[in-house]
Structure formats: C-alpha cells, structure tokens
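A.B. asks: To start, I am sharing the structure in question, which I have written as structure tokens.
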Amino acid sequence: MHPSPLFRTTSREANLAFARERGFGVLAVSAGDAGGPLLSHIPFLLAEDGGAVHAHLARPNPILKYLAEGERPAVLAVGGPDSYISPDWYEADPGLVPTWNYVAVHLRGVLRLRPEETLPDHLDELAAQFEERLLPKQPWRTSKVPERQLEALMRAILPVELEVEAVDGTWKLNQNRPDEARLNAARHVEGSELGVETAVLAGLMRNLPEAD
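This is the structure in structure tokens:
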C-alpha cells in the first residue's frame, strides 16, 4: 500500500466493492524458513459483509502444505487499472517527475482450510459470479460436466477461507495535483497503452471516489 494518506481515503465499503467486482487476486502466504512468501493467483468469492474470502487451490500448491499444519497469516492483493504518468501530461510544473497511477486493495487476515464437502457449492457460486456477467449467454454450471469427470476435478483441489481482519486500499489518481493538472493527465491516460484498463483509470481520475 502507498504510504501517502492522500491515496488511502476511500471507504472500506468502496474497497470491498472493488475487490468483489474484480474477483481475482494474488494470495500471499508466509512460508517461514522456506525462502520467503508463497504466491498464488486465484479467483475468489468475497462474502457480502467482507468478512471472508472463499477460494480453492490445486492440491500440489505448496501453500496447502503449510495449511495442513494449521492456519496461516495471509494477504490477498487485488489489482485494478493502472498506467504510467508522464510529467508532460500535467501541462503544468516542469519540475515534476514520472509516476504510476493505480488502484489496489489488500485483504489481510488468517487463511485456513475449509471442509471438502463445501467444494460443490463453492464451485457453483464462483462460476455463477462471472457467468452472470456474460448474459444473455446461457450460464455454464457444474451440472454440465459428466459426474465422473467432476468428481476427478474436485479431488484435485481443496477449498480455503481467508478470514478478513483488515482492508487496505490505495487509489492513486493524482489527488496530490491541482484539478487542472489531474484532468490533463487523465486525457492522456485514456489513450495510453502503458498500463491496463487505462480508460477506466482515466474515468476514476476525472471522478475521484468519495473519501471515507
């Protein structure tokens, strides 16, 4: 998370809504003496109250080795749109330097295994979360998979839960610049290819999220 409080004023509710909408992030778990944190890129479900994240990991995932020994502190980092910002884009103070604008939310808490019998419902809910956004396409459901293949699939994964204890969000959108400079930069960001979802980021720079 960026240390400047200017970029960390967005409400808990807005940060949770952002994470829920993205539904994909990087799970980081300490491996102790094994050489640093373990990382896994995962889709996930976030509970309505933001208190828990439900996901699953492939059985060979080394994170599961540590969870078998007990729960572990973990962080789920959820990234959003981002872009390089050239100081020329502000069309203002020539003494400014390049930076990078971005949105990111970190969900921090305790990771543990869930009962294996929760897998069927979890997979149905996870798929439904994204399939609903593809309407009017007929939603895909696990019931479409032949039973034997589905059983084999579920034997290959294990469900996990992150009990969320803290929510941190950084919305770095040039709030530290005058409005005119920020809007000038947004105009350039919209057409830039240095980043991801730059048009979305430009929209956020123009319409800053409400502070908590």
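First residue of the sequence shown: 46, per the numbering used here; consecutive thereafter. Note that beta-carbon positions come from the ideal geometry of N, C-alpha and C, so glycine has one too.
Comparing alpha-carbon positions, which option in Gln183, Arg67 and Leu141 lies nearest isoleucine 130?
C.D. replies: For the purposes of this step, residue 130 is taken as the residue at position 85 of the sequence shown. Closest option to isoleucine 130, Cα to Cα, is Leu141.
A.B. asks: Which stretch, first to last residue, makes up the alpha helix (DSSP H) that contains glycine 248?
C.D. replies: Residue mapping note: residue 248 aligns to position 203 of the sequence shown, counting from 1. Residues 243 to 251.
A.B. asks: Find the nearest neighbour of glutamate 114 within the set Ala226, Ala76, Ala103 and His99, judged by alpha-carbon distance.
C.D. replies: Within the sequence shown, the letter at position 69 stands for residue 114. Nearest C-alpha to glutamate 114 among Ala226, Ala76, Ala103 and His99: Ala76.
A.B. asks: Which value, in whole angstroms, describes the spacing of the CA atoms of glycine 95 and glycine 248?
C.D. replies: Counting from one through the sequence shown, the residue named residue 95 turns up at place 50. Counting from one through the sequence shown, the residue named residue 248 turns up at place 203. Taken atom to atom, the span from the alpha-carbon of glycine 95 to that of glycine 248 is near 26 Å.
A.B. asks: Which of the three DSSP states, helix, strand or coil, is assigned to asparagine 60?
C.D. replies: Position 15 of the sequence shown, counted from the first residue, corresponds to residue 60. In the displayed model, asparagine 60 falls within a helix according to three-state DSSP.
A.B. asks: Ordered along the chain, which non-local residues of its own chain (more than five positions away) have a Cβ less than 7 Å from that of lysine 182?
C.D. replies: By 1-based counting over the sequence shown, the position of residue 182 is 137. None.
A.B. asks: Would you identify the three-state DSSP class for proline 88, choosing helix, strand or coil?
C.D. replies: As a position in the sequence shown, residue 88 is number 43, starting the count at 1. DSSP places proline 88 in strand when its eight states are reduced to three.
A.B. asks: Thinking C-alpha only, which one of Ala137, Ala59, Ser128 and Glu93 is nearest glutamate 255?
C.D. replies: As a first step, residue 255 is located in the sequence shown; it is residue number 210 there, counting from the start. Minimum Cα-Cα distance from glutamate 255 among the listed residues Ala137, Ala59, Ser128 and Glu93 corresponds to Ala59.
A.B. asks: For a quick check, are the C-beta atoms of proline 88 and phenylalanine 63 less than 7 Å apart?
C.D. replies: Working through the sequence shown from its first residue, we reach residue 88 at position 43. Working through the sequence shown from its first residue, we reach residue 63 at position 18. Cβ atoms of proline 88 and phenylalanine 63: not closer than 7 Å.
A.B. asks: On the criterion of 16 or more Cβ atoms from any shown chain inside 10 Å, does asparagine 252 qualify as buried, or is it exposed?
C.D. replies: As a working mapping, residue 252 is identified with position 207 in the sequence shown. That one is exposed.
A.B. asks: Let's test the definition: count the other Cβ atoms within 10 Å of the Cβ of histidine 151 and tell me whether it reaches 16, buried, or not, exposed.
C.D. replies: On the sequence shown, residue 151 is found 106 positions in, with the first residue counted as 1. With 16 or more other Cβ atoms within 10 Å, it is buried.
A.B. asks: Going by the CB atoms, is the gap between leucine 198 and leucine 158 shorter than 7 Å?
C.D. replies: In the sequence shown, the residue the question calls residue 158 occupies position 113. In the sequence shown, the residue the question calls residue 198 occupies position 153. Going by C-beta atoms, leucine 158 is not nearer than 7 Å to leucine 198.
A.B. asks: So which of Leu156, Ala201, Glu136 and Leu72 has the shortest CA-CA distance to proline 223?
C.D. replies: For the purposes of this step, residue 223 is taken as the residue at position 178 of the sequence shown. Measuring from the Cα of proline 223, the nearest candidate turns out to be Glu136.
A.B. asks: Cα separation between proline 160 and proline 184?
C.D. replies: Taking the first residue of the sequence shown as 1, we reach residue 160 at position 115. Taking the first residue of the sequence shown as 1, we reach residue 184 at position 139. Answer to the nearest angstrom: the Cα atoms are 27 Å apart.
A.B. asks: DSSP on glutamate 93, reduced to helix/strand/coil?
C.D. replies: Position 48 of the sequence shown holds residue 93. In this structure, glutamate 93 counts as coil in the three-state DSSP scheme.
A.B. asks: Checking 7 Å against the spacing of the C-beta atoms, do proline 204 and leucine 171 come in under that value?
C.D. replies: Residue mapping note: residue 204 aligns to position 159 of the sequence shown, counting from 1. Residue mapping note: residue 171 aligns to position 126 of the sequence shown, counting from 1. No, the pair does not count as a contact, with Cβ atoms beyond the cut-off.
A.B. asks: So, do the stretch 184 to 196 and the stretch 92 to 107 have three or more beta carbon pairs nearer to each other than 8 Å?
C.D. replies: No, because fewer than three Cβ pairs between the stretch 184 to 196 and the stretch 92 to 107 fall closer than 8 Å, the two stretches do not touch.
A.B. asks: Less than 7 Å between the beta carbons of leucine 156 and arginine 117, yes or no?
C.D. replies: Walking along the sequence shown from the start, residue 156 turns up at place 111. Walking along the sequence shown from the start, residue 117 turns up at place 72. Yes. Within cutoff.
A.B. asks: Could you check if glycine 154 is buried or exposed, using at least 16 other CB atoms within 10 Å of its CB as the buried criterion?
C.D. replies: By 1-based counting over the sequence shown, the position of residue 154 is 109. Result: buried.
A.B. asks: Counting along the chain, where does the alpha helix (DSSP H) carrying tyrosine 111 start and finish?
C.D. replies: The residue given as residue 111 occupies position 66 in the sequence shown. Where tyrosine 111 is concerned, the enclosing alpha helix (DSSP H) stretches over 107 to 112.
A.B. asks: Enumerate in chain order the residues of its own chain whose CB-to-CB distance from alanine 231 is below 7 Å, with the five nearest sequence positions on each side excluded.
C.D. replies: One-based indexing of the sequence shown puts residue 231 at position 186. For alanine 231, where only same-chain residues beyond five positions count, the Cβ hits under 7 Å are Ala247, Met250 and Arg251.
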